[in-house]
Amino acid sequence: MELKRVEDYYDQIKEKFPEITEKQIDKILKFGFRSFYTHTLYGGDVLSKSPYFTMYCGKMFGDNLMYYKYWLLKSKIKLRIKYKRNKTPYSGYYWFGLSEEDYQYYLSQKKKTGKRRQKFHFKRIKLYKILEEVLLDRQYKHIFKIAYPIDNGFTIWKEDVITRDFEYIYKRNKNNEIEPISYESKRNK
Numbered sequence: 007m008e009l010k011r012v013e014d015y016y017d018q019i020k021e022k023f024p025e026i027t028e029k030q031i032d033k034i035l036k037f038g039f040r041s042f043y044t045h046t047l048y049g050g051d052v053l054s055k056s057p058y059f060t061m062y063c064g065k066m067f068g069d070n071l072m073y074y075k076y077w078l079l080k081s082k083i084k085l086r087i088k089y090k091r092n093k094t095p096y097s098g099y100y101w102f103g104l105s106e107e108d109y110q111y112y113l114s115q116k117k118k119t120g121k122r123r124q125k126f127h128f129k130r131i132k133l134y135k136i137l138e139e140v141l142l143d144r145q146y147k148h149i150f151k152i153a154y155p156i157d158n159g160f161t162i163w164k165e166d167v168i169t170r171d172f173e174y175i176y177k178r179n180k181n182n183e184i185e186p187i188s189y190e191s192k193r194n195k
């Protein structure tokens, strides 16, 4: 098999697009190859389509459950790549979700008079830097935002978090749709 280089394709591309200079062709091809390499390096799948061919680099599954888990993983990778490419500044908040059981524990800490306690205790939570990443996990029925001054990466596991600087912002309804919570303030009063 013969090793091909980017320069080997200049003549073929020049025939189809005579108005493009060789320098522009070089930039376009190198950008495409670098993007392909970067996406596969981060663990993303690559799908290229044209009217003449379809190319897919990734895993294929016959089992729907395995495919769904794989899709969740790749969706998180896609969100992280977009976050890095957009150079999104850190907002000072992390997001976390609670299952129904953990949410009941959260509710049990509220005072019966309706006034909020000084601080709430969360047993074990996974903090996400990107909100959409929390929303992908359907096990979380209640989504919270917590003030976290230090950027520690995309996810962090925290044990025994005691805080008052959080906000209950979304919940899932019976159809697994996300609904905003408007009746609680930032301090959960």
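The opening residue of the sequence shown carries number 7 in my numbering; numbering runs sequentially from there.
Heads up, the beta-carbon is just placed ideally off N, CA and C, and yes, glycines get one too.
No experiment lies behind these values; they were computed from the predicted model shown.
Item, Value
"Beta-carbon proximity check, ASP157 vs TYR96, cutoff 8 Å", "yes"
"Rounded separation between LYS90 and PHE160 - CA only", "11 Å"
"Residue range of the beta strand (DSSP E) that includes ILE238", "No answer is possible for residue 238: the residues shown for the chain start at 7 and end at 195."
"GLY103 - containing beta strand (DSSP E), residue span", "99-104"
"Outcome for HIS148 when other beta-carbon atoms lying within 10 angstroms are tallied against a minimum of 16", "buried"
"Test item: CB-CB of GLY50 and ILE83 under 8 Å", "yes"
"Inter-residue CB distance, PHE126 and ARG170 (contact presumed, cutoff 8 Å)", "7 Å"
"VAL167 vs ILE131 beta-carbon contact at 8 Å", "yes"
"Spatial neighbours of TYR16 in its chain, beta-carbon cut-off 7 Å, leaving aside the 5 residues before and after", "GLU28 and ILE31"
"Burial state of ARG193 (16 or more Cβ within 10 Å)", "Its pLDDT being 44, under 50, ARG193 is placed unreliably by the model, and the measurement read from it follows with that caveat. Label assigned to ARG193: exposed."
"DSSP state of ARG40 mapped onto helix, strand, coil", "helix"
"LEU71 versus TYR99: straight-line alpha-carbon distance, rounded", "32 Å"
"C-alpha gap between LYS10 and SER56, whole angstroms", "21 Å"
"Which residues DSSP lists as bridging MET61, in chain order", "SER54"
"Length of the line joining the Cα atoms of TYR176 and TYR76", "25 Å"
"Cβ-based burial, VAL12 [other Cβ within 10 Å; buried from 16]", "exposed"
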